[in-house]
Amino acid sequence: AKIAETAGNNSGAATSLMADINIYRELVEKYSNTIAQLRQKIDMLENPKSSSGIPNDKLIDWITELRNENKYLKAQLSKLEGDNMAYENSDFSSEKEASLKYENMKLREKLDEHVEKVAKLEKEVEELKSGLNYYRDIVNKLQGSYTVINKYNYRTCIRDPDTGEFQYELVKFPLDFDPFNPTYITKDGMEIYERFGIKIPTKLGDIVREEFRKSAEYWEEDTGVDWKLGR
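Position 57, counted from 1, in the sequence shown is what the numbering used here calls 62; the numbers after and before it change by one each time, with no gaps.
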């Protein structure tokens, strides 16, 4: 009976160790994938040309997903590090024990390396976010959506790149505003109207011009005046 009990203990301890090793393997694989994803997305954020075709919301979702994934992996790692594996209490052969210990140690070392790499990549992401160029590129991509209230008033909805929350604002134009004659347009896509002290994204400028065209067409039909020729 004692022999059977010892054999059972050996089997249980070995099974427990193998389970721990398998968990470490899974974490190593997840960290490897996370590193690859981080590197790819950092490269895309650093190169606006390669990311210009990506939807605005997708860029922010990436950052949120990467943060959530890394929090999960860190929690799993902390849980494993808090577990005490009782090698000393196991009765299986010293050769088998040494083999499992060695494999476990190597996996932990590899996992620690991945944790360090992810931390460095996270730091790169934070540095990119804090840079002026990053915010300028994000603003270009996130010029927002606009709802027409009337010819001179528009509601903007822009997603905050840090929190992912939507922010609403009211944009009002003076009654003598001329959207067809901007003073100049900046390289990052902002229309400047120095006479009115107004600066708006080109996306909003296109919407405003369309509303002014509709208004001109209405008066053209009503009075018979060819406003297009006049303009």
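Built from N, CA and C at the ideal position, the CB exists for glycine as well.
Contact belief for residue i with residue j at Cβ below 8 Å, rounded distance in angstroms
{"i": "R160", "j": "Y151", "result": "7 Å"}
{"i": "P184", "j": "V213", "result": "4 Å"}
{"i": "G210", "j": "E222", "result": "About 19 Å; that fails the 8 Å criterion."}
{"i": "V130", "j": "T39", "result": "Going by Cβ atoms, the distance from V130 to T39 rounds to 12 Å, so no, they are not a contact pair."}
{"i": "K156", "j": "E215", "result": "Wrong, their Cβ atoms sit about 10 Å apart, outside the cutoff."}
Cβ-based burial, residue i [other Cβ within 10 Å; buried from 16]
{"i": "P179", "result": "exposed"}
{"i": "I190", "result": "exposed"}
{"i": "K219", "result": "exposed"}
{"i": "I205", "result": "buried"}
{"i": "Y107", "result": "exposed"}
Per DSSP, the bridge partner or partners of residue i
{"i": "F201", "result": "Beta-bridge pairing links F201 to no other residue."}
{"i": "E114", "result": "Answer by DSSP bridge pairing: none, since E114 is not bridged."}
{"i": "R164", "result": "F171"}
{"i": "K177", "result": "N158"}
{"i": "V123", "result": "BP columns for V123 are empty, so no partner."}
{"i": "T152", "result": "R160"}
{"i": "P206", "result": "M195"}
{"i": "I190", "result": "E196"}
Close beta carbons around residue i, own chain, < 6 Å, minus the five adjacent residues each side
{"i": "L126", "result": "L43"}
{"i": "K7", "result": "For K7, the predicted model reports a pLDDT of 43, less than 50, meaning its position is unreliable; a value from the coordinates is still stated below. None."}
Close-in-space but distant-in-sequence residues of the same chain around residue i (CB under 8 Å, 5 per side omitted)
{"i": "N158", "result": "L175, V176, K177, F178"}
{"i": "T207", "result": "Q148, I190, G194, M195, E196"}
Contacts around residue i, its chain only, beta-carbon distance under 7 Å, and the 5 residues preceding and following it disregarded
{"i": "I154", "result": "R160"}
{"i": "K115", "result": "V33"}
{"i": "H119", "result": "V33, Y36, S37, I40"}
* Does the pairing of the segment 108-116 with the segment 161-174 give three or more beta-carbon distances under 8 Å? -> The answer is no - the segment 161-174 does not touch the segment 108-116, with fewer than three Cβ pairs under 8 Å.
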